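Residue numbering for the sequence shown follows full-length UniProt numbering, beginning at 1 and increasing consecutively. Everything below concerns the one structure shown next.
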Amino acid sequence: MPPTEDWIAPRGLWPLTDSPAGIEIPDHVMNDRTLSLQAKALFALLLAEKGKPVNPYEDAYEEPETIAAAIQELIDAEIAVRVEP
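If you want it as structure tokens, here you go:
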């Protein structure tokens, strides 16, 4: 069973904005065919949090297995890293 806590953050430098409506997900992430829709959505959440660590399991409707798979996709793509809260 996947953990119910796994803190992640975006890796590297990404453009940030004060408005969540103004978040731009880079084309190379959106067009990456190796990333699922869940992983792309999770990456959008990471950018919306302005680089602060996120525990995607907190308040999630998705199954823990789905979240764990999305986290691993982002880590494998080297656009997110696990961090300590």
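Glycine included, C-beta positions come from ideal geometry on N, C-alpha and C. Model, not experiment: these values are computed from the prediction.
One alpha carbon belongs to Pro64, the other to Pro26, and they sit about 26 Å apart. Membership of Val29 in the alpha helix (DSSP H) is indicated by the continuous run 27-30. For Ala80, the secondary structure class from DSSP, reduced to helix, strand or coil, is strand. Counting only residues of its own chain and dropping the five nearest sequence neighbours on each side, Leu35 has a CB closer than 8 Å to the CB of Val29, Phe43, Glu73, Leu74, Ala77. In the three-state reduction of the DSSP assignment, Pro64 falls in the helix class. When the alpha-carbon of Val83 is set against those of Lys50, Asn55, Asn31, Leu37, the nearest one is in Asn55. Residue range 37-48 is occupied by the alpha helix (DSSP H) that includes Lys40.
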